[in-house]
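**Student:** Taking the numbering used here, the leading residue of the sequence shown gets 5, the next gets one more, and so forth.
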Amino acid sequence: MLKNLRGLFSRDLSIDLGTANTLIFVRDEGIVLNEHSVVAIRTNENRSSIAAVGHYAKRMLGRTPGSISA
Numbered sequence: 005m006l007k008n009l010r011g012l013f014s015r016d017l018s019i020d021l022g023t024a025n026t027l028i029f030v031r032d033e034g035i036v037l038n039e040h041s042v043v044a045i046r047t048n049e050n051r052s053s054i055a056a057v058g059h060y061a062k063r064m065l066g067r068t069p070g071s072i073s074a
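1) Give me the DSSP bridge partner(s) of Asp20.
2) If you check the beta carbons only, do Ile54 and Val43 fall under 8 angstroms apart?
3) Using the three-state DSSP reduction, which class does Ala61 fall into: helix, strand or coil?
4) Identify which residue in Ile72, Asn50 and Val30 has its Cα closest to the Cα of Tyr60.
5) From the DSSP output, in three-state form, read off Val42 for me.
Have a look at this one:
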């Protein structure tokens, strides 16, 4: 009984944190996320924040000002 009830509120998924891409696979749906494994960080006066992730961060590689690193 508990096993059947638990199935109503959960989904099986797999996460692949690869070097180049991050993939999320959900059973019965397939790959639901395929994104570049890149994060661009903005640093201002001892504070850091996320400027972009995935595809947008990869596009910033080599094109960012000194306050942003990807």
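We treat Cβ as the ideally placed atom computed from N, Cα and C, and that holds for glycine.
**Tutor:** Straight from the coordinates:
1) By 1-based counting over the sequence shown, the position of residue 20 is 16. DSSP lists Leu27 as partners of Asp20.
2) Sequence index remark: in the sequence shown, residue 54 carries index 50 (1-based). Sequence index remark: in the sequence shown, residue 43 carries index 39 (1-based). Result yes, Cβ atoms of Ile54 and Val43 sit closer than 8 angstroms.
3) Taking the sequence shown and counting its residues from 1, one reaches residue 61 at position 57. Helix.
4) Working through the sequence shown from its first residue, we reach residue 60 at position 56. Tyr60 has its Cα closest to that of Ile72, out of Ile72, Asn50 and Val30.
5) In the sequence shown, residue 42 corresponds to position 38, counting from 1. Three-state result, Val42: coil.
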